[in-house]
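To start, the structure under review is shown below, and the notes come after it.
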Amino acid sequence: MNVDVANRLARRRRAAGLSQEALAEKLGVTRQAVSKWERSESSPDTDNLIALANLYGVSLDDLLYAEIQDAAVEDDDGIDVDAHNESTENATDSADTEAGKPDAQSENESESNSENSEDKKDNFHIGPDGIFVQDGRDHVSISHEGIHVIDSKKGDTVHVGWDGIHVNDQHYDNLKDFHKEFPQYTNCKGDKKSPVAKAWMRFPFPVLAILAYILIGLATNMWLQGLFIVFTIPIYYIIGTFIGTRSISSLVSGLYSTGAIAWFCYMAFVLNQPHPAWVVLLTIPLVCALAAWAGHVIGKRKPS
0 MNVDVANRLA RRRRAAGLSQ EALAEKLGVT RQAVSKWERS ESSPDTDNLI
50 ALANLYGVSL DDLLYAEIQD AAVEDDDGID VDAHNESTEN ATDSADTEAG
100 KPDAQSENES ESNSENSEDK KDNFHIGPDG IFVQDGRDHV SISHEGIHVI
150 DSKKGDTVHV GWDGIHVNDQ HYDNLKDFHK EFPQYTNCKG DKKSPVAKAW
200 MRFPFPVLAI LAYILIGLAT NMWLQGLFIV FTIPIYYIIG TFIGTRSISS
250 LVSGLYSTGA IAWFCYMAFV LNQPHPAWVV LLTIPLVCAL AAWAGHVIGK
300 RKPS
């Protein structure tokens, strides 16, 4: 986890007047897990991030990216409880490290293995609050407030929201300023289209398709059947996109979806047999999901 995010989690806990033990009890995790989050040694999974945001009464954006002032909570005797708890936690961590007892060591190793398995676990959540993906220690969230990415390998935190782009502690008001700072990202792979792809996408194919429909209708009076020429328009641009991106999964998904819809329309409106032709429409999401999965697997196998 990014160090800045870890520090924000610690400040949120202190501002809420909670010790690491108290927070761990509320979340149903161990104190060592909370300690590792705040020392940037591991990351909370998606469920724990959502639980933390609900506990503190803030959004995930505020939890991970908003700065707050540290708050010290004192008890009736005037003792800084947060400082006392913090020193106790540090002392406990040191004691666990220096004890060297077999039982304690075994427990710590078990806890470490549990945390590592937690880091490697993938989590996926879709709800009214947005889409959240946890891939090992990497985290991606998409909500109405923006897009947030945590790259654990590089230690980078990126936030794209209504107020601009945040990369770690740097803020950029717009893409133009961002591209000035990071010119290497100005032209991504997808933007480097081949001359053939550019010419393909510029060609006014829809005009040609409409003219062909009119000519066929006038010559054969098959106005209804001729409407299927319209389906060549999305097919044309699907092929053009494939020429530029070389994405086989997108090509398969696009061609199959268009073909399935065209076949159903033919069965329903030309042959008057909508049933059971409608079943083909149910196969579209299945084929698209399989194509996306295959593309993901193939992409992982390619050498970086």
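With numbering that gives the first Met the number 0 applied, the sequence shown covers 0 to 303.
Beta carbons: idealized from backbone N, C-alpha and C, even for Gly.
DSSP three-state assignment for R11, whether helix, strand or coil: Here residue 11 refers to the residue found at position 12 when the sequence shown is read from its first residue. Taken through DSSP and simplified to helix, strand or coil, R11 comes out as helix.
Sufficient close CB pairs (3 or more, under 8 Å) joining the region 253-268 to the region 225-241: Judged by Cβ distances under 8 Å, the region 253-268 makes contact with the region 225-241, as three or more pairs qualify.
E37 versus G298, L285, R10, W222, residue with shortest Cα-Cα distance: What you label residue 37 is simply residue 38 of the sequence shown in a count that begins at 1. Nearest Cα to E37 within the set G298, L285, R10, W222: R10.
Endpoints, the beta strand (DSSP E) within which V166 is located: Looking up residue 166 in the sequence shown gives position 167. That run of the beta strand (DSSP E) goes 163-166.
E66 versus I130, A50, N167, residue with shortest Cα-Cα distance: The sequence position of residue 66 within the sequence shown is 67, counting from 1. The shortest C-alpha separation from E66 is found at N167.
Three CB pairs or more closer than 8 Å across the region 243-255 and the region 204-222: The region 243-255 makes no contact with the region 204-222; the number of CB pairs closer than 8 Å stays below 3.
Q272, buried or exposed, once every other Cβ within 10 Å from all chains shown has been counted against 16: Stepping through the sequence shown from its first residue, residue 272 is reached at position 273. Burial state of Q272 is exposed, judged by a 10 Å Cβ sphere holding fewer than 16 other Cβ atoms.
Close-in-space but distant-in-sequence residues of the same chain around G189 (CB under 8 Å, 5 per side omitted): Counting from one through the sequence shown, the residue named residue 189 turns up at place 190. Confidence in G189 is poor, its pLDDT being 42 and thus under 50, which makes the residue's placement unreliable; the coordinate value appears in the next sentence. Correct list, in chain order: G243, T244.
Nonlocal neighbours in the same chain, by C-beta distance under 7 Å from S248, ignoring five residues either side: In the sequence shown, residue 248 corresponds to position 249, counting from 1. In its chain, beyond the 5 residues on either side, A290, A291, A293, G294 have a beta carbon closer than 7 Å to the beta carbon of S248.
6 Å Cβ shell around H138 - same chain, five flanking residues per side excluded: Indexing the sequence shown from 1 puts residue 138 at position 139. The residues are I149.
Check: D3 C-beta below 8 Å from any heavy atom of the ligand NAD: Among the ligands in the structure shown, none appear at all, so the ligand NAD cannot be discussed.
Which of helix, strand or coil DSSP assigns to S140: In the sequence shown, the residue the question calls residue 140 occupies position 141. When DSSP states are grouped into helix, strand and coil, S140 belongs to the strand group.
Cβ-based neighbour list, L26, same chain, cut-off 7 Å, excluding 5 preceding and 5 following: Stepping through the sequence shown from its first residue, residue 26 is reached at position 27. If we look at L26 and ignore the five residues flanking it on each side, its Cβ neighbours are N47, A50.
Sequence-distant residues of its chain with Cβ nearer than 7 Å to Y55 (five each side left out): What you label residue 55 is simply residue 56 of the sequence shown in a count that begins at 1. Only R11, A15, L62 meet the Cβ criterion.
7 Å CB neighbourhood of S256 in its chain, flanking five on each side removed: Looking up residue 256 in the sequence shown gives position 257. Hits under 7 Å: I283, C287.
First and last residue of the uninterrupted beta strand (DSSP E) at T156: On the sequence shown, position 157 is the one that residue 156 refers to. Annotation for T156: the continuous beta strand (DSSP E) segment containing it runs 155-160.
For Y171: DSSP bridge partner residues: Counting from one through the sequence shown, the residue named residue 171 turns up at place 172. Residue pairing of Y171 in beta bridges, as defined by DSSP: I164.
Of the residues V269, I238, T231, R201, the one placed nearest M221, counting alpha carbons only: For the purposes of this step, residue 221 is taken as residue 222 along the sequence shown, with counting starting at 1. For M221, the nearest C-alpha among the options comes from V269.
Own chain residues within Cβ distance below 6 Å of V159, not counting five before or after: Mapped onto the sequence shown, residue 159 falls at position 160. Cβ within range, chain order: G145, I146.
Local conformation of I78 per DSSP, three classes: Sequence index remark: in the sequence shown, residue 78 carries index 79 (1-based). Note on I78: pLDDT 43, under 50, position unreliable in the model; the coordinate value appears next. It is coil, neither helix nor strand.
Residue closest to I238, alpha-carbon to alpha-carbon, out of A218, L207, A196: For the purposes of this step, residue 238 is taken as the residue at position 239 of the sequence shown. Of the residues A218, L207, A196, the one whose Cα lies closest to the Cα of I238 is A196.
For A208 and I232, believed in contact at Cβ under 8 Å, the rounded distance: As a first step, residue 232 is located in the sequence shown; it is residue number 233 there, counting from the start. As a first step, residue 208 is located in the sequence shown; it is residue number 209 there, counting from the start. Yes, I232 and A208 are in contact; Cβ-Cβ is about 5 Å, under 8 Å.
Counted within 10 angstroms of its Cβ, other Cβ atoms place L59 as buried (16 or more) or exposed: In the sequence shown, residue 59 corresponds to position 60, counting from 1. Buried is the call here.
Sub-9 Å separation of A32 and A21 beta-carbons: Here residue 32 refers to the residue found at position 33 of the sequence shown. Here residue 21 refers to the residue found at position 22 of the sequence shown. No.
Simplified DSSP assignment, three categories, for G133: Working through the sequence shown from its first residue, we reach residue 133 at position 134. In the sequence on display, residue 133 carries Gln and not Gly. Correct three-state label for Q133: strand.
Identified DSSP bridge partners for V148: Mapped onto the sequence shown, residue 148 falls at position 149. Residue pairing by DSSP puts V148 in a beta bridge opposite V139, V157.
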